[in-house]
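Below is one structure, written out as structure tokens, with a few remarks after it.
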């Protein structure tokens, strides 16, 4: 099954869900652990029936859900269908979504030669060098964020090692998140690629990219 693009996802009318980093994300407020657990059981049964399984995180006050088709590395029609099913299950229990709160975090590291340093970071982060695929380190257990290597030429012959965070948020939240960052003492470094991403930095020059799925190939 082939991937669906961002306009198709938006047109699907999945009001509870937001696309972030090749996946769909939703948060449903449950109010207590027992209600959330019952909801997770509902989701599990539906996933088994569809043979398509989301990643689910249960906390005391809410349930976070991520949908993606791992065989394509993107969102497909299977994910859209499962998202609708999960929203219906939430509605049956009277649970409200909180789409403005969904977030995904990636770490980016400038690298002259990703192949040279990727296995090291894979081993340090996951204990397994096989978690590095040539471009990024992915923890299958979800305990640490994805680390990707940004191709960067050396400066004056010296590798320019520098980490920054890629914070993926719903596109509609971008202006408010920028405003909050600036109000908290930061500044906008580069907004030339907005709304795809906007670079901010804190008062000491540490940078973060606020990223959305809009205007990406």
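Residue numbers (UniProt numbering): 1 to 217. Where a beta carbon is used, it is the ideal one built from N, C-alpha and C, also for glycine.
Run of the alpha helix (DSSP H) containing residue 12, from where it starts to where it stops: Careful: residue 12 lies outside any alpha helix (DSSP H) and carries neither H nor E.
Going straight from the alpha carbon of residue 8 to that of residue 156, what length do you get? Those two C-alpha atoms are separated by around 45 Å.
Do residue 114 and residue 94 come within 8 Å of each other at the CB atom, strictly closer than that value? Residue 94 is not a Cβ neighbour of residue 114, given a cutoff of 8 Å.
Quick one: which unbroken beta strand (DSSP E) runs of 3-plus residues sit fully inside the segment 40-75? Chain order, please. Correct list: 55-58, 62-67.
Are residue 98 and residue 29 touching if we call contact CB-CB under 8 Å? Going by C-beta atoms, residue 98 is nearer than 8 Å to residue 29.
Through-space distance from residue 71 to residue 150, alpha-carbon basis: Distance between the alpha carbons of residue 150 and residue 71: 24 Å.
Taking the DSSP output, what are the residues bridged to residue 3? Among the bridge pairs identified by DSSP, residue 3 is matched with 76.
The segment 206-213 contacting the segment 167-181, beta-carbon criterion three pairs below 8 Å: Yes: at least three Cβ pairs fall under 8 Å.
Going along the chain, which unbroken runs of the beta strand (DSSP E) with 3 or more residues stay wholly within the segment 111-190? Complete beta strand (DSSP E) runs here, min 3: 146-151, 163-168, 187-190.
Less than 8 Å separating the beta-carbons of residue 76 and residue 21? Not closer than 8 Å, so no.
CA nearest to the CA of residue 194, picked from 184, 171, 205, 183: When each option's Cα is compared against that of residue 194, the closest is 171.
Residue 199 - containing beta strand (DSSP E), residue span: Element bounds for residue 199: 197-201.
Using a threshold of 8 Å, state whether the C-beta atoms of residue 34 and residue 65 are closer than that. The Cβ-Cβ distance between residue 34 and residue 65 does not fall below 8 Å.
Can you tell me which of the three DSSP states residue 87 falls into? DSSP places residue 87 in helix when its eight states are reduced to three.
Nearest-angstrom Cα distance between residue 13 and residue 203? Looking at the two C-alpha atoms, the distance is approximately 40 Å.
Kindly list the residues whose CB is nearer than 6 Å to the CB of residue 109, restricted to its own chain and excluding five residues on each side of it in sequence; keep chain order. Residues of the same chain with a CB within less than 6 Å of the CB of residue 109, apart from the 5 flanking positions on each side, are 149, 163 in chain order.
By how many angstroms is the C-alpha of residue 19 removed from the C-alpha of residue 37? Distance between the alpha carbons of residue 37 and residue 19 is about 24 Å.
Determine the DSSP secondary structure at residue 210, reduced to helix, strand or coil. Correct three-state label for residue 210: strand.
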